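Undergrad: Have a look at the structure that comes next, please.
Numbering (the numbering used here), first residue to last: 6 to 271.
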């Protein structure tokens, strides 16, 4: 007789993600890329906390508010690094004066990052430890509650897709990306505890496309608000034209991938 599968241990999974986040933050001094991995761990923990809302709604809200503050603490340095890297990659697609404009943009963002206040590592570490303390008092969820939590995340992703599909405003597109990330992380972490269609490969592809689209929109915003970043004369216009073209292509790809992912329901 086959023995029953062990129940998914939400408290343990949450705690493991946060311990891993603390370890990555501790490595940040020697490895700047550890900050990105730390943020990913926190995002995974937030997805689990949203699943756990089914058994602890109040605790889930406190956890989410605390996590938002931690992500804000770590966000500025990471955002500038990511945008500078996206601009460097864009340069490979450009030619002539447009390439020079994009290069200047990347260098300007990198200089901005170097001049920015240093990350408050102790503040971030304290926030992560607060999240770990919350995780350790989380009540264990029943299998039914885990399924309900996973289904709720999938519904939120579908609603975000419906609101953002064919939309052009950056906030709706970003909200869609966040909800799709939640859905993907829930599928990866819950495994057999959540039997809804998970479509991990399509979810990962969609998250990547939406992430690149967001980078283009943020770069475009920077060029429009601070045209001198791209250089003199028509440099900002050249850079903006390229960014619009690339973001439009990525938007079409994201919309098509989202339509396939959400075909037939959650």
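We put the CB at the ideal spot given by N, CA and C, even for glycine. These numbers were taken from a predicted model, which means no experiment stands behind them.
Taking just the CA atoms, how far does residue 128 sit from residue 178?
TA: Cα to Cα, the separation comes out at about 30 Å.
Undergrad: Less than 8 Å between the C-beta atoms of residue 82 and residue 93, yes or no?
TA: No, these two residues do not count as a Cβ contact at 8 Å.
Undergrad: Buried or exposed: where does residue 66 fall if 16 or more other Cβ atoms within 10 Å of its Cβ makes it buried?
TA: Flag for residue 66 reads exposed.
Undergrad: Which residue spans inside the segment 9 to 49 form an unbroken alpha helix (DSSP H) run of at least 4?
TA: Complete alpha helix (DSSP H) runs here, min 4: 15 to 31.
Undergrad: To the nearest angstrom, how far is the alpha carbon of residue 25 from that of residue 150?
TA: Rounded to the nearest angstrom, the two C-alpha atoms are 25 Å apart.
Undergrad: Out of 38, 43 and 54, point me to the one whose CA is closest to residue 17's CA.
TA: When each option's Cα is compared against that of residue 17, the closest is 54.
Undergrad: Find the nearest neighbour of residue 259 within the set 199, 104 and 207, judged by alpha-carbon distance.
TA: Considering only alpha carbons, the answer is 207.
Undergrad: What whole-angstrom Cβ distance do residue 139 and residue 71 have, given they're in contact under 8 Å?
TA: That belief holds up - the Cβ atoms of residue 139 and residue 71 are roughly 7 Å apart, short of 8 Å.
Undergrad: Rounded to whole angstroms, what is the Cα-Cα separation between residue 174 and residue 104?
TA: Their Cα atoms are separated by approximately 27 Å.
Undergrad: Could you tell me which of 238, 27, 13 and 246 sits nearest to residue 137, measuring between CA atoms?
TA: Of the candidates 238, 27, 13 and 246, the one whose C-alpha sits nearest the C-alpha of residue 137 is 27.
Undergrad: Identify which residue in 39, 189 and 187 has its Cα closest to the Cα of residue 30.
TA: Nearest of 39, 189 and 187 to residue 30, Cα basis: 39.
Undergrad: Closest to residue 241 by CA distance: which of 46, 108 and 47 is it?
TA: Closest by alpha carbon: 108.
Undergrad: If you follow the alpha helix (DSSP H) that residue 96 is part of, which residue opens it and which one closes it?
TA: Residue 96 -> alpha helix (DSSP H) spans 62 to 96.
Undergrad: Run through DSSP, which three-state label would residue 7 get?
TA: Bear in mind that a pLDDT of 40 at residue 7, under 50, signals an unreliable position, so the number given afterwards is only what the model happens to contain. Coil at residue 7, not helix or strand.
Undergrad: Assuming residue 146 and residue 63 are in contact, meaning their beta carbons sit under 8 Å apart, how far apart are those beta carbons, in whole angstroms?
TA: Residue 146 to residue 63, Cβ: 14 Å. No contact.
Undergrad: Kindly provide the ranges of any alpha helix (DSSP H) runs that are 4 or more residues long and lie completely inside the segment 224 to 262, ordered along the chain.
TA: Qualifying alpha helix (DSSP H) stretches: none in this window.
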